[in-house]
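In my numbering, the protein residues as written are 15 to 291.
Here it is, written out as structure tokens:
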């Protein structure tokens, strides 16, 4: 089945990482040629697999292809379009297009030395099969602010990021066609560490805590962790290998914590090739 819970969490992790790394790149020194460019494009392909042994009948492989477009608007605004395609690499090899996302972002005024921040608003276009036939999603609106601290005074090449966000979904019905409660609202807080060894190699550590609310006011908490190392080339190409884990913040009994950095049954590994122009 395409898009398991672990793969969905991985996509959220990758989105959070992309936001942080985009903020780092946009606050760095740029050449006059690149600074004057009005548009940008990014393309990435990610191979994901779980931690089950090779040969296990339940082991899963999938691929996620992401395509993003950016365009600079007057008054330092930037518009964006994001497209994501998921594909199973086993069984029927089903592939599905996720809901495209339109965004508008802007760097906020500098409020303190070493700090930068970016605000972002985005909306989903519900064209995916899941939105049309299962959840009845009409649209989703999200707002986030990413704060970045240049921690070079602590360690050269270190950037620390924090990003709170809210997503508000609008569904035709309170429940899905399978009877599960739709998520009306998601609140999240992300903490990110990005360390550049040099112009080519860097490591990324990120964790996010989510709270999903249903239309009836019930909520569930989730967590996610991501660790990766990236090689970047000056032409805009990059390669990333990483580990991700996520799931319910509480154990089955509803009392004990289920937050963990690694689990042989829940961990996911991924390899990404990307290009940005």
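All residues carry an ideal CB built from backbone N, CA and C; glycine is no exception.
Is the beta carbon of residue 79 less than 9 Å from the beta carbon of residue 101? Numbered from 1 along the chain shown, position 65 holds the residue referred to as residue 79. Numbered from 1 along the chain shown, position 87 holds the residue referred to as residue 101. Against a cut-off of 9 Å, the Cβ pair of residue 101 and residue 79 comes out as a contact.
Measure the beta-carbon distance from residue 64 to residue 282 and round it to whole angstroms, keeping in mind my assumption that it falls under 8 Å. The residue labelled residue 64 in the question sits at position 50 within the chain shown. The residue labelled residue 282 in the question sits at position 268 within the chain shown. Confirmed, about 6 Å.
Nearest to residue 280 by alpha carbon, out of 258, 267, 265? Translated into positions along the chain shown, residue 280 becomes position 266. Comparing Cα-Cα distances from residue 280 to each of 258, 267, 265, the minimum goes to 258.
Apart from the five residues on each side of it in sequence, which residues of its chain come closer than 7 Å, Cβ to Cβ, to residue 255? Counting from one through the chain shown, the residue named residue 255 turns up at place 241. The beta carbon of residue 255 is closer than 7 Å to those of 242, 243, 285 in its chain, skipping five residues each way along the sequence.
Examine the Cβ distances between the region 138-148 and the region 106-113 and report whether three or more of them are shorter than 8 Å. These segments touch.
Would you identify the three-state DSSP class for residue 62, choosing helix, strand or coil? In the chain shown, counting from the first residue as 1, residue 62 sits at position 48. It is a strand residue.
Less than 9 Å between the C-beta atoms of residue 4 and residue 135, yes or no? Nothing about residue 4 can be reported from this structure: the residues present for the chain run from 15 to 291 only.
For my contact list, residue 221 and residue 195 are in at a C-beta cut-off of 8 Å; report their separation, rounded to the angstrom. Position 207 of the chain shown, counting from 1, holds the residue named residue 221. Position 181 of the chain shown, counting from 1, holds the residue named residue 195. Contact between residue 221 and residue 195 fails: their C-beta atoms lie close to 26 Å from each other, not under 8 Å.
On the CB-based measure, 16 or more other CB atoms within 10 Å of its CB, does residue 265 come out buried or exposed? By 1-based counting over the chain shown, the position of residue 265 is 251. Around the beta carbon of residue 265, fewer than 16 other beta carbons lie within 10 angstroms, which makes this residue exposed.
Which word fits residue 203, buried or exposed, when buried means at least 16 other C-beta atoms lie within 10 angstroms of its C-beta? Translated into the one-based positions of the chain shown, residue 203 becomes position 189. Exposed.
Tell me the DSSP secondary structure of residue 192 in three-state form. Position 178 of the chain shown, counted from the start, is the residue given in the question as residue 192. Correct three-state label for residue 192: coil.
Reducing DSSP to helix, strand and coil, say where residue 290 ends up. Start at 1 with the first residue of the chain shown, and residue 290 comes out as number 276. Residue 290 falls in the strand class under three-state DSSP.
Where does residue 37 sit, in a helix, a strand or coil, going by DSSP? Position 23 of the chain shown holds residue 37. With a pLDDT of 46 at residue 37, under the threshold of 50, the modelled position of that residue is not reliable, and the figure given next carries that caveat. In the three-state reduction of the DSSP assignment, residue 37 falls in the helix class, which pools H, G and I.
Could you check if residue 273 is buried or exposed, using at least 16 other CB atoms within 10 Å of its CB as the buried criterion? Here residue 273 corresponds to residue number 259 of the chain shown, with the count starting at 1. Here residue 273 is buried. Its C-beta has 16 or more other C-beta atoms within 10 Å.
Below 9 Å between beta carbons: does that hold for residue 61 and residue 82? The residue labelled residue 61 in the question sits at position 47 within the chain shown. The residue labelled residue 82 in the question sits at position 68 within the chain shown. No, these two residues do not count as a Cβ contact at 9 Å.
Would you kindly check if the distance between the Cβ of residue 190 and the Cβ of residue 226 is under 9 Å? What you label residue 226 is simply residue 212 of the chain shown in a count that begins at 1. What you label residue 190 is simply residue 176 of the chain shown in a count that begins at 1. No, the Cβ-Cβ distance between residue 226 and residue 190 is not below 9 Å.
Under the DSSP definition of a beta bridge, which residues are partnered with residue 160? Taking the chain shown and counting its residues from 1, one reaches residue 160 at position 146. In the DSSP secondary-structure assignment, residue 160 is bridged to 132.
Whole-angstrom Cβ separation of residue 236 and residue 260, contact assumed at under 8 Å? The sequence position of residue 236 within the chain shown is 222, counting from 1. The sequence position of residue 260 within the chain shown is 246, counting from 1. Contact holds; Cβ gap of about 7 Å.
Whole-angstrom Cβ separation of residue 173 and residue 163, contact assumed at under 8 Å? Within the chain shown, numbered from 1, the residue matching residue 173 stands at position 159. Within the chain shown, numbered from 1, the residue matching residue 163 stands at position 149. At roughly 7 Å, the Cβ-Cβ gap stays under 8 Å, so residue 173 and residue 163 are in contact.
Anyone know if the C-beta pair for residue 156 and residue 177 falls short of 9 Å? Looking up residue 156 in the chain shown gives position 142. Looking up residue 177 in the chain shown gives position 163. At the C-beta level, residue 156 and residue 177 stay beyond 9 Å of one another.
Just to confirm my understanding: we take residue 54, look at its own chain, exclude 5 residues before and 5 after, and list those with CB closer than 6 Å. What are they? Here residue 54 corresponds to residue number 40 of the chain shown, with the count starting at 1. Within the same chain, residue 54 has close Cβ partners 84.
Select from 107, 137, 89, 151 the residue whose C-alpha is nearest the C-alpha of residue 122. Looking up residue 122 in the chain shown gives position 108. Residue nearest to residue 122 within the set 107, 137, 89, 151 is 89 (criterion: CA-CA distance).
Own chain partners of residue 324 with C-beta closer than 8 Å, once the 5 adjacent residues on each side are dropped: An answer regarding residue 324 cannot be provided, because it is not within the stretch 15 to 291 covered by the chain.
Quick one: using the 10 Å Cβ neighbour count with 16 as the cut-off for buried, is residue 75 buried or exposed? Locating residue 75 in the chain shown gives position 61, where the first residue counts as 1. With fewer than 16 Cβ atoms within 10 Å of its Cβ, residue 75 is classed as exposed.
Could you tell me which residues DSSP puts in a beta bridge with residue 80? For the purposes of this step, residue 80 is identified with residue 66 of the chain shown, where counting begins at 1. 58, 98, per the DSSP bridge assignment.
Give the single residue among 86, 185, 158, 170 whose Cα lies nearest to the Cα of residue 148. The residue labelled residue 148 in the question sits at position 134 within the chain shown. Residue 148 has its Cα closest to that of 185, out of 86, 185, 158, 170.
Residue 198 - containing beta strand (DSSP E), residue span: Sequence index remark: in the chain shown, residue 198 carries index 184 (1-based). First-last of the beta strand (DSSP E) with residue 198: 197-210.
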